[in-house]
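Have a look at the structure below, then the notes.
Numbering (our numbering), first residue to last: 10 to 106.
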């Protein structure tokens with residue numbers, strides 16, 4: 010978070026066991042419980058936003074396939090990847106109906 014970023018307080022309700030764990034971890038890491046919670050939320054949000062973007066890309070790819078029928082087979086992709094693993098420079102296989 011940059012200094013120019015405005016902050017908005019929010020409340021998170023956790024049970025006493027989790028609060029104790031959070032406080033113990035904060036003490037062990039010499040950080041505040043607040044900073045650990047911020048990091049946890051940011052990590053979660055980053056991961057879930059990437060997951061959602063990937064899901065959206067997959068849905069767009071599926072819709073494009075349904076419209077065009079263009080694809081590569083598993084065997085074609087596997088053969089291409091095997092060449093890449095061997096260090097060969099190889100163009101990806103062409104899509105076909």
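Ideal Cβ positions, reconstructed from N, Cα and C, are used throughout, including at glycine.
As the structure is a prediction and not an experimental result, all values here were calculated from the model.
Beta-bridge partners of residue i, as assigned by DSSP
i          : result
residue 80 : 105
Reduced DSSP category for residue i - H, G, I as helix; E, B as strand; rest coil
i          : result
residue 92 : helix
residue 97 : coil
residue 25 : helix
residue 44 : helix
residue 52 : helix
residue 30 : helix
residue 39 : coil
Beta-carbon separation (whole angstroms), residue i vs residue j, contact threshold 8 Å
i          : j           : result
residue 89 : residue 99  : 6 Å
residue 85 : residue 102 : 4 Å
**Prompt:** Should the segment 19–35 be regarded as contacting the segment 43–61, the criterion being three or more beta carbon pairs within less than 8 Å?
**Reply:** yes
**Message:** Counting beta carbon pairs with one atom in the segment 91–102 and one in the segment 65–78, are three or more of them shorter than 8 Å?
**Reply:** no
**Message:** Under 8 Å: do the segment 52–64 and the segment 78–85 share three or more Cβ pairs, one atom per stretch?
**Reply:** Look at the beta carbons and you see the segment 52–64 not touching the segment 78–85: under three pairs across the two are nearer than 8 Å.
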